[in-house]
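Numbering (full-length UniProt numbering), first residue to last: 1 to 171.
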């Protein structure tokens, strides 16, 4: 990995969604694991590789999720993440996401990786944060009602209810 120019280091340091850790930038605004690897690219551009790991549905429910339900959920997640671009990102590039079902630290996860380049490091860092937010939001959109969820999903849903002024009880 080539050394980042000072302007890119400042952009990460000034952004409140990331903290530097071992040469990477860890997302702080999501309960999911999100990291950005950045390096200098040709022509003064910066290459950003954003990876977000989200738990598979069966791993965040008290009940068992049938394999066919989880497969459909995963396929929907892949399709939705494929729509990232216009309106979400400020830069010119539209990243082509890679979504893979894998095991990380002993847990089954869907790992989304999106890579893009930008000449403007502040815009690139903002877009990296937007990607992390988009993956989290897309994940939450795919949560299937009727299951009892564990953390981090239970916490996300509780916070959404709190922010909306709802206690989760339909009247």
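Just so you know, even glycine gets a beta-carbon here, dropped at the ideal spot from N, CA and C. Quick caveat: nothing in here was measured; it's all calculated off a predicted structure.
What would DSSP say about residue i, mapped onto helix, strand or coil?
i	result
residue 171	Unreliable positioning characterises residue 171 in this predicted model, as indicated by a pLDDT of 42, which lies under 50. A coordinate reading is not provided.
residue 46	strand
residue 1	Interpretation of residue 1 is limited by its pLDDT of 46, a score under 50 that renders its predicted location unreliable; the figure taken from the coordinates is listed afterwards. If DSSP states are grouped into helix, strand and coil, residue 1 belongs with coil.
residue 65	coil
residue 159	helix
residue 92	coil
residue 16	coil
residue 72	helix
residue 59	helix
residue 105	coil
residue 151	coil
residue 41	coil
What is the residue span of the alpha helix (DSSP H) that residue i lies within?
i	result
residue 140	121-141
Under 6 Å Cβ to Cβ from residue i, same chain only, skipping five residues before and after it: list those, please.
i	result
residue 34	27, 52 and 132
residue 125	11, 12 and 15
residue 50	36, 114, 128 and 131
residue 7	121
residue 165	none
residue 94	85
residue 104	53
Between which residues of its own chain and residue i is the CB-CB distance below 7 Å, once the five residues before and five after are set aside?
i	result
residue 78	99
residue 136	30 and 32
residue 5	40
What are the residues that DSSP puts in a beta bridge with residue i?
i	result
residue 51	35 and 113
Terminal residues of the continuous beta strand (DSSP E) containing residue i?
i	result
residue 24	24-27
Sorted by chain position, which residues of the same chain lie with C-beta nearer than 8 Å to residue i's C-beta, five sequence neighbours on each side aside?
i	result
residue 19	25, 26 and 28
residue 151	31 and 60
residue 70	56, 57 and 58
Meets three-Cβ-pair contact criterion under 8 Å: the stretch 143-157 and the stretch 79-89: no
Cβ pair count under 8 Å reaching 3, the stretch 56-72 against the stretch 101-120: yes
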